[in-house]
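Numbering (our numbering), first residue to last: 1 to 436. Single-structure report; data block below.
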Amino acid sequence: MARAGLMRKKAVAGPQWTLTAAGDAIIGLRTRHLDRPEEPGFHDLCRLIRSVDVASVNLETNVFDMASFRGWPGAERGGSYLVAPPAALADLAHMGFHLFARGNNHACDWGIEGLQATARVLDGMGLPHAGCGDHLSAAGRAVYLDTAVGRVAMLSLTTTYPASHRAGAQRGDVAGRPGVNGVKVKRRLELDPATYKVLAAAQSAQGNPRLFETANLALAEGTETRIVEWLEPRDVDRVLREIRNAAAFADIVLVNGHTHEPANPVTRTPDWLVTFARACIDAGATAYLGHGPHQLRGMEVHAGRPIFYSLGNFVFHRDTTEPVPAEQYEVLDLPGDTSMPADYYAARAAKSATLNFADAAYYETLLPILRFAGTEVVGIDFHPVELSQALRAARRGTPRLADKATGERIVARFAELSRPFGCAIAWKGGLGRWQP
């Protein structure tokens with residue numbers, strides 16, 4: 001017979017509190033008018049968000065009034081030039097979100113002026129945000145929120161970003177560069193000996209024996225052809241120091257991590273991200289809230305604390321953003337001086353399924369409601385959400401609670417993605433459920 005002490009369930013101590021987290025919010029349209037009983041899918045979703053103690057979201061756009069903006073599009077963009085009116089941000093806050101992550105590949109689409117203008121809008125609305133700053137230290141530092149359940153810290157970072165978007169460190173004699181809290185992914189192309197000899201000779205013939213390395217793909221001889229990725233150790237150490245610092249000043253520490261690697265269509269989580277997210281938990285994070293590839297990836301619970309490798313899209317107003325800079329028309333071989341935004345979106349829709357995010361998975365996600373005792377998660381309810389892919393552009397991309405059939409399919413896909421991490425997620429009572 002098993003001893004009574006072994007049969008007794010482990011006691012969990014600490015204050016009770018709830019958290020919800022959403023993935024990418026690419027906002028552009030007003031939504032507050034939908035928050036009414038006549039629109040139950042949206043209205044009930046808002047009620048869920050407002051019912052929790054802490055709610056976090058990734059703000060994946062710039063926010064400012066284009067009519068008074070004095071900047072210009074950046075030379076590099078995170079895929080497209082995203083911008084939203086301040087009223088759309090106010091509507092996102094009205095849904096119930098408290099904390100806004102900004103460390104992502106679109107933070108500098110409109111240059112440093114757009115980055116700083118967005119910060120002014122957020123500050124003017126009293127909305128805490130992290131992941132961007134006037135130098136690397138500011139971009140990497142946590143933001144704090146005092147709540148009834150304790151003091152909450154949030155850090156935001158991105159492993160996906162154009163090189164010019166990364167914030168630079170300060171020195172006593174040189175100012176830092178404004179930008180995002182970037183954690184660099186380094187890459188090496190390993191080749192079989194024969195192929196390596198040919199390519200190494202080719203780059204040397206160009207007069208630059210490190211040609212591939214300048215594209216962040218250093219050549220190396222190996223036994224097979226493969227791409228090896230890892231995180232820059234100095235960036236990892238810097239982030240972990242910030243987490244430990246935040247844990248000393250807050251009761252709850254959230255880390256928002258934005259990762260597209262290896263590519264948006266890939267649902268498998270890179271091994272280096274698993275290692276990094278677990279290290280964040282070990283350093284003191286209460287939860288790791290991942291997003292980036294615009295669709296769901298799996299989750300796990302490490303040391304009693306949740307890790308979401310991607311929460312997918314939460315708002316996806318990507319088909320109504322105006323204006324569109326000239327460079328973006330050129331991507332689709334359209335004349336930038338005479339084409340209209342509607343021409344750009346029509347051409348993009350016809351280009352390819354990958355460019356158009358045509359798969360339904362990009363328009364389906366989950367809103368997790370996490371219950372904590374202290375810093376240990378004791379249960380999660382997953383509310384399936386769909387983003388109205390079938391509607392016209394003027395209504396497409398706005399989140400609503402999914403119907404039962406769609407919801408069961410979303411939960412089943414998420415459960416399958418989470419199974420390799422030892423997480424068993426069940427469909428019960430119209431929700432996905434996880435229990436320790």
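C-beta: ideal position from N, C-alpha, C; glycine also. Every value quoted in this text rests on a predicted model; they were computed, and no experiment measured them.
Delimiting residues of the beta strand (DSSP E) encompassing residue i
i    : result
V54  : V54 to L59
W344 : The amino acid occupying residue 344 in the given sequence is Tyr; Trp does not appear at that position. Not the beta strand (DSSP E): Y344 falls in the alpha helix (DSSP H), residues P341 to K351.
T20  : Q16 to I26
T365 : E364 to A373
F437 : In the structure displayed, the chain extends from 1 to 436; residue 437 sits before or after that span and is not available.
L99  : L99 to A101
Candidates the options, of which the one nearest residue i by Cα
i    : options                   : result
A88  : L122, C108 and G103       : L122
R151 : A263, A247 and L334       : A247
P420 : P270, G74 and M340        : P270
E232 : E221, K186 and L273       : K186
A393 : A342, R413 and I410       : A342
D91  : R50, D403 and H291        : R50
A415 : E408, I425, R409 and T406 : I425
T61  : L29, R141, V331 and V385  : L29
L48  : A412, G78, T375 and L366  : L366
E222 : D235, L191, N216 and L240 : Note that residue 222 is Gly in the sequence shown, not Glu. For the residues D235, L191, N216 and L240, the minimum Cα distance to G222 belongs to L191.
E386 : A373, E364, A405 and L370 : E364
L99  : L127, R244 and Y196       : L127
Y81  : T321, L199, A202 and F69  : T321
A358 : A205, H294, T225 and F372 : H294
Y362 : N58, V180 and N264        : N264
D109 : A142, A130, T159 and R77  : R77
E304 : T286, H317, G292 and N313 : In the sequence on display, residue 304 carries Gly and not Glu. Among T286, H317, G292 and N313, the Cα nearest to that of G304 belongs to T286.
Q170 : F42, G140 and L254        : G140
L145 : H129, S156 and L157       : H129
L289 : R278, V255 and C280       : V255
F64  : A93, Q16 and Q116         : Q116
D251 : G422, T147, R210 and A21  : T147
E38  : L431, R102, V301 and R400 : R400
E224 : D381, Y196 and A163       : Y196
G114 : G74, V183 and V143        : G74
Element boundaries [alpha helix (DSSP H), containing residue i]
i    : result
K184 : Here K184 belongs to no alpha helix (DSSP H), and DSSP marks it neither H nor E.
F276 : D271 to A283
I380 : Not the alpha helix (DSSP H): I380 falls in the beta strand (DSSP E), residues E376 to E386.
E232 : No alpha helix (DSSP H) holds E232; DSSP gives it neither H nor E.
F69  : Unbroken run through F69: none, as it is neither H nor E.
D146 : No alpha helix (DSSP H) holds D146; the beta strand (DSSP E) holding it covers V143 to T147.
V315 : Per DSSP, V315 belongs to no alpha helix (DSSP H); it is in the beta strand (DSSP E), N313 to F316.
E330 : A326 to V331
Cβ-based neighbour list, residue i, same chain, cut-off 8 Å, excluding 5 preceding and 5 following
i    : result
T214 : N208
M7   : With a pLDDT of only 36 at M7, under the threshold of 50, the placement of this residue in the model should not be trusted; the figure read from the coordinates follows. Same-chain partners within the cutoff: there are none.
H43  : L34, D35, R36 and P37
Neighbour-count burial assignment, residue i, 16 or more Cβ in a 10 Å radius
i    : result
Q33  : The amino acid at residue 33 is misidentified as Gln; the sequence shows His. H33 is exposed by the Cβ-count criterion.
R166 : buried
M340 : exposed
D173 : exposed
T118 : buried
Q435 : exposed
M154 : buried
G194 : Note that residue 194 is Ala in the sequence shown, not Gly. So A194 ends up on the exposed side.
Beta bridge counterpart(s) of residue i as assigned by DSSP
i    : result
A426 : R433
S156 : N256
F308 : L289 and M299
A218 : R188
N245 : Paired residue(s): none; N245 is not in a bridge.
R400 : E386
A130 : A101
Residues near residue i by beta carbon distance below 7 Å, same chain, minus five either side
i    : result
N356 : R348 and A349
L417 : T267, L296, R297 and G298
A2   : Because the pLDDT at A2 is just 39, under 50, the model does not fix this residue reliably, and the value given afterwards should be weighed accordingly. Counting only Cβ-Cβ distances below 7 Å, and skipping sequence neighbours, we find nothing.
G96  : C46, I49, R50 and A55
H317 : I26, I27, G28, L29 and G397
L332 : Y344, A347, R348 and K351
Cβ-based neighbour list, residue i, same chain, cut-off 6 Å, excluding 5 preceding and 5 following
i    : result
A326 : G336
D134 : P178
W427 : E408 and V411
L217 : R187 and L189
R244 : A283 and G284
Y309 : T269, G290, R297 and G298
Short CB-CB distance (under 7 Å) between residue i and chain E
i   : result
A90 : Absent from the structure: chain E. Only one protein chain is present.
Check: residue i C-beta below 6 Å from any heavy atom of the ligand FAD
i    : result
T398 : For the structure depicted, the ligand FAD is absent and the ligand set is empty, with no information on it obtainable.
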